[in-house]
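**Q** Using the UniProt record's numbering, the first residue of the sequence shown is number 1, and each one after it goes up by one.
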Amino acid sequence: MDAAAGQGYCGGADLDMFLTNYKLGKTFGIGSMDKVKIAEHVLTGQKVAIKILNRRKIKNMEMEEKVKREIKILRLLVHPHIIQLYEIIETPIDIYIVMEYAKSGELFDYIVEKGRLQEDEARNIFQQIISGVEYCHSNMVVHRDLRPEKVLLDSKCNVKIAGFGWSNIIRDGHFLKTRCGSSNYAAPEV
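1. Would you check if there are 3 or more beta carbon pairs closer than 8 Å linking the region 107 to 115 to the region 52 to 60?
2. Compute the Euclidean distance between the alpha carbons of residue 154 and residue 133, then round it to the nearest angstrom.
3. Take the Cβ of residue 99 as the centre, count every other Cβ of all protein chains shown within 10 Å, and call the residue buried at 16 or more, exposed below.
4. For the beta strand (DSSP E) holding residue 132, just list the boundary residues, first then last.
5. Could you give the DSSP three-state label for residue 150: helix, strand or coil?
6. Touching or not, the region 159 to 167 and the region 118 to 138, by the rule of three or more beta carbon pairs under 8 Å?
7. Let me know if residue 48 comes out buried or exposed under the rule of 16 or more other beta-carbons within 10 Å of its beta-carbon.
8. Which residues share a DSSP beta bridge with residue 96?
9. When you compare only the Cα positions, how much space is there between residue 86 and residue 96?
10. Take residue 51 and list the residues in its own chain whose beta-carbon comes closer than 6 Å to its own, dropping the five residues that flank it on each side.
11. Here's the rule: buried if 16 or more other CB atoms are within 10 angstroms of the residue's CB, otherwise exposed. What is residue 143?
12. Look up residue 168 in the DSSP assignment and say whether it is helix, strand or coil.
13. Would you decide whether residue 45 is buried or exposed? Buried here means 16 or more other CB atoms lie within 10 Å of its CB.
14. Could you round the C-beta distance between residue 167 and residue 141 to whole angstroms and report it? I think they count as a contact, below 8 Å.
15. Taking its Cβ as the centre, do 16 or more other Cβ atoms sit within 10 Å of residue 106, making it buried, or is it exposed?
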């Protein structure tokens, strides 16, 4: 297979050879260097989300270290309100990050659909977000792009913090200086 020609990205022989345990479904997310597809584990029937990263695109965008860091952080974090990493499948062309599937989608879409949340529901969601963030911080992980689009909801509307692409591990006494995250959510003074 010719990686330079872009073959294998989210399809073709690469998938058949390396993703034998999963039956891929529709794409429900597309980013600048990845696609996210729903999949089903062949033996268990469990639904998962598979983030597919094309190695050539990662290299062209000089994002290799960022992707390695995201995977390292996802492996580190195991918490009921953080999206769970199940496995990493690496091929010569793509990297497949197999994660928990949050059936109810983004908190952003949930709020837009409902118009507003009742106080009890908002409190419950906020407490779950705080629980996940506190766990990240206790493991010296900062998310750096937490927003309603990065907070997912499972089938019971429990919070699952996701989108750790800009996250980093900090050391005591050291500050991170990279400007990152989404400008629409930045504080006015930034």
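Ideal Cβ positions, reconstructed from N, Cα and C, are used throughout, including at glycine.
**A** With the given structure in hand:
1. no
2. 17 Å
3. buried
4. Unbroken run through residue 132 is the alpha helix (DSSP H), 119 to 138; no beta strand (DSSP E).
5. helix
6. yes
7. buried
8. 52 and 89
9. 11 Å
10. 34, 36 and 97
11. buried
12. strand
13. exposed
14. 6 Å
15. buried
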